[in-house]
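Structure first, then comments.
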Amino acid sequence: MTRSKGRWPKLEMDQGVEDAMLLILEWLGEQGVGAMIRVDAERMREGRPAWTFAAGGGPLSEGMRADGVSAAECMSRALLKLREAGLAVPL
């Protein structure tokens with residue numbers, strides 16, 4: 148992590164990635180990456196994956212998106228894609 152501001156808490160292994168979601172978004176912003184996570188109520192009512200993570204800019208050569216049925220699944224998929232794109236998100 149660059150320019151650490153000492154705000155990364157120790158995460159318990161039984162807690163999900165969603166506990167660190169805001170810290171991940173903030174870290175991405177510090178790297179020049181615009182990112183967001185959202186829930187779509189209509190897709191939720193239809194039984195489709197309602198959570199979406201989207202990111203682009205900075206060191207990402209292309210924009211990326213990850214979907215999931217829960218915030219945890221969405222962020223887990225997003226972290227995998229970010230790592231595949233060369234961003235080692237500290238977690």
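When the letters of the sequence shown are read in order and numbered with my numbering, they come out as residues 148 to 238. All residues carry an ideal CB built from backbone N, CA and C; glycine is no exception. Note that the structure is predicted; figures quoted are calculated from it, not measured.
If you run the structure through DSSP and keep just helix, strand and coil, what is R150?
Low confidence applies to R150: its pLDDT is 49, below 50, so where it sits in the model is not reliable enough to give any reading.
Give the secondary structure of R195 by DSSP, where H, G and I count as helix, E and B as strand, and everything else as coil.
coil
Here's the rule: buried if 16 or more other CB atoms are within 10 angstroms of the residue's CB, otherwise exposed. What is R150?
Caution applies to R150, whose pLDDT of 49 falls short of 50 and renders its modelled position unreliable; the model cannot decide the point.
Which same chain residues, not among the five before or five after L226, have their C-beta less than 8 Å away from its C-beta?
V164, I171, V236 and L238
Assigned exposure category for V180 - 16 Cβ within 10 Å defines buried:
Result: buried.
Across which residues does DSSP place I184 in a beta bridge pair?
F200
Buried or exposed (CB count within 10 angstroms, at least 16 for buried), R182:
Reading the sequence as shown, one finds Ala at residue 182 and not Arg. With 16 or more other Cβ atoms within 10 Å, it is buried.
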